[in-house]
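**Student:** Numbering-wise (full-length UniProt numbering), the sequence shown opens with residue 1 and increments by one.
Where a beta carbon is used, it is the ideal one built from N, C-alpha and C, also for glycine.
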Amino acid sequence: MSTSEEHILDMISRLDVVALERLCDRAAGILAQKAHRPGPRRHPGPAPCQAALFTVPHDLRHLETEQIERLTAAFDAWRDAARNAPIRRARERMRLVYLMLRHSGAKLGEVLALNERTDIDLAQATVGFGGTRPEEPSRRVVVPQTFLDEVERFAACPANRALRGELFHLDPGFVRRKLYEQARKAGLPTGRVSPTSLRHSRAVELLRSGVPLPVVQVMLGHSSLVLTSIYCSFSDQDCRRIVNHCVSKESRMKTSARNTFFGAVTSVRKSPLLTEVSLAAQNGFEVISVITNESFERLGLTEGGQVTALVKAPWVLLGKDEQKARTSARNCFPGRVVSIRGDGVAVEIMGLLDGGTPMCALITAESVETLDIKEGDTVWFFFKAFSVILSTE
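#1: Identify whether Arg258 lies in helix, strand or coil by the three-state DSSP scheme.
#2: Give me the Cα-Cα distance between Gly128 and Leu352, rounded to the nearest whole angstrom.
#3: Sort out for me which residues DSSP pairs Phe382 with in a bridge.
#4: In the DSSP assignment, what residue or residues form a beta bridge with Gly343?
#5: Short check: CB of Trp380 to CB of Gly342, under 9 Å?
#6: Can you give the Cα-Cα distance for Ala280 and Val307, rounded to whole angstroms?
#7: Asp377 to Asn259, Cα distance in whole Å?
#8: Are there 16 or more other CB atoms within 10 angstroms of the CB of Thr357, so buried, or fewer, so exposed?
#9: In whole angstroms, give me the CA-to-CA distance for Val345 and Leu206.
#10: In the DSSP assignment, find the unbroken alpha helix (DSSP H) run with Glu92 in it and report its ends.
#11: Cα-Cα, which of Thr72, Gly304, Gln217 and Asp354 is closest to residue 394?
#12: By a C-beta neighbour count over all protein chains shown, 10 Å radius and 16 as the cutoff for buried, is Lys107 buried or exposed?
#13: What does DSSP give as the partner residues of Lys270 in its beta bridges?
#14: Ordered along the chain, which non-local residues of its own chain (more than five positions away) have a Cβ less than 8 Å from that of Arg42?
#15: Under three-state DSSP, which class holds Gly191?
#16: Using only alpha-carbon positions, find the residue among Leu101, Gly191 and Gly187 that is nearest to Val143.
#17: Distance, Cα to Cα, Val151 vs Thr266?
#18: Would you decide whether His58 is buried or exposed? Buried here means 16 or more other CB atoms lie within 10 Å of its CB.
#19: Just to confirm the assignment, what range does the beta strand (DSSP E) spanning Thr364 have?
#20: Going by DSSP in three states, Phe129 sits in which element: helix, strand or coil?
#21: I'd like the span of the beta strand (DSSP E) that includes Val307, first residue to last.
#22: Skipping 5 residues on each side, what residues in its chain have a beta carbon closer than 7 Å to that of Phe262?
#23: Would you mind sorting Leu99 into buried or exposed? The rule is 16 or more other CB atoms within 10 Å of its CB.
#24: I need the DSSP call for Val338, collapsed to helix, strand or coil.
#25: Helix, strand or coil: how does DSSP classify Glu166 here?
#26: Going by Cα to Cα distance, which pick from Pro195, Leu122, Phe154 and Pro212 is closest to Arg140?
#27: Inspect the beta-carbon positions of Arg176 and Pro195 and report whether they are closer than 9 Å.
#28: Count the other C-beta atoms from every protein chain shown that fall within 10 angstroms of the C-beta of Thr275, then say buried if there are 16 or more, exposed otherwise.
#29: Take the Cβ of Cys49 as the centre, count every other Cβ of all protein chains shown within 10 Å, and call the residue buried at 16 or more, exposed below.
#30: DSSP puts Ala280 in a beta bridge; with which residues?
#31: Below 8 Å on the Cβ atoms is my guess for Ile363 versus Val388; work out the distance and round it to an integer in Å.
#32: Just verifying my parser: in three-state terms, what is the DSSP assignment at Arg61?
#33: For Thr228, count the other beta carbons within 10 Å of its own beta carbon; 16 or more makes it buried, fewer makes it exposed. Which is it?
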């Protein structure tokens, strides 16, 4: 980051919320204008999550993201139109209750029972809910940090000292009336705006963003995945789109590398320049790769994430020791030669590792003669960690 950029960020950090919102609106307008001007070509962003393509049941009352934004803008305008400070504080309190409903997906009773002093964890950006019934387990829900900062500022204001611990303790009927009022001002059908529809809206929003159904279940506090599944259904067209996406993705995954391992990242070890990645591949093999830190960040690798390891045939070496070959190569696996094909200079050795994973090595004909490799022989396939290419496609 340049010195001028750091200076700009320092000035921005000193602005209040209202000024920041105006600045963001202005920046969005400038960005939209620049997007239509010719300029350097940029790499496209990631494609939308195809797994999140689903149909929302017609009888499920919820708001689309654009409608939620209009409702939020109505609450903002209502607060800003207050005639004096006490009225503004009262309206801001109601606005915070609305935003908690909107961002947490919690029930109205859960939100109104919150104690902002004990139930909110600013460091983790989470809110704790205990459920409205004894049989409902407690849970912690992640909400936007910027929203929690607003709650913290409101609670810290000396004029709101009497509300500490009870900021969200409003009358349920009052909350519903204010939701209906702001829905009308936003031009939304009154019958579609309620604490329950906000809960539904948050669930649909998360699912469309690619959040797995079980995660949404935990966030909403549902006792069964069946309850959460009401938010989405898959039509025949949805199913075709998803399957077509997967098939086309498989078709795009073409490579000249003859050796492929699929698995999950088990450990990551970093140095100032390089990153060592270990993955548990199929049939229990551990494959180790060393890549640059830049490549590691670009791939977005994390422990537990799925990854494909690729090794080109010329990078695979062979050993014929009865015991595990003594070599500096980090990857060394036993296997059996199933075919040998050569042209007098180079020889392609096809083999199967223990467990059935195919391997291919391309070595010189002289090496084959020296090692006396024949079909059916037990050999060691080994390759260096630097020879392993990682892909998340």
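**Tutor:** So, from the data block:
#1: coil
#2: 52 Å
#3: Leu317 and Cys332
#4: It is worth fixing the name first, because residue 343 is Asp in this sequence and not Gly. The partner list for Asp343 (beta bridge, DSSP) is empty, contrary to what the question assumes.
#5: no
#6: 10 Å
#7: 20 Å
#8: buried
#9: 58 Å
#10: Ala85 to Ser104
#11: Since the displayed the chain opens at 1 and closes at 393, residue 394 lies outside it and no answer follows.
#12: buried
#13: Thr275
#14: Unreliable positioning characterises Arg42 in this predicted model, as indicated by a pLDDT of 39, which lies under 50. The coordinate reading is nonetheless provided below. So no residue of the chain qualifies.
#15: helix
#16: Leu101
#17: 39 Å
#18: exposed
#19: Pro358 to Thr364
#20: strand
#21: Gln306 to Val311
#22: Ala281, Gln282 and Thr308
#23: buried
#24: strand
#25: coil
#26: Leu122
#27: yes
#28: buried
#29: Only weak support exists for where Cys49 lies, its pLDDT of 44 falling under 50; the coordinates are left without a value.
#30: Ala264 and Glu286
#31: Contact doesn't hold; Cβ gap of about 18 Å is too wide.
#32: coil
#33: buried
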